[in-house]
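In full-length UniProt numbering, the protein residues as written are 1 to 83. Don't be surprised by glycine CBs; every beta carbon is placed ideally from N, CA and C. Heads up, the thing below is written out as structure tokens.
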Amino acid sequence: MEQPTHSLPSLFKQLGLGDDPTSIDQFIATHSPLKPELHLADAFFWSKSQADFLRGEILDDADWAEVVDQLDALLRKGRVLQD
């Protein structure tokens, strides 16, 4: 069975955040760069449910893990990569 592929906009929607390119760019600009020692799910700006979701996806190497890793990288760099 093929695993679903999720996009950055679909992750933002799943997290209850604005999922259009401008909203994503603004979120990353506002909340980056993350400190290297800080786990993504431990960042102050997540709600408990958002943090639990992010942590669970990474720990379980679940459906969303790849795009959660992408968000983590973007928040550490401080910019959105354009496709």
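Residues near residue i in its chain [Cβ-Cβ closer than 8 angstroms; skip 5 each side]
i	result
residue 32	74, 75, 76, 77, 78 and 79
residue 52	41
residue 23	12 and 17
residue 68	11, 40, 54, 57 and 58
residue 65	57 and 58
Range of the contiguous alpha helix (DSSP H) that encloses residue i
i	result
residue 56	48-59
residue 19	Counting along the chain, residue 19 falls outside any alpha helix (DSSP H), and DSSP gives it neither H nor E.
residue 77	65-77
Close beta carbons around residue i, own chain, < 6 angstroms, minus the five adjacent residues each side
i	result
residue 9	19
residue 72	40
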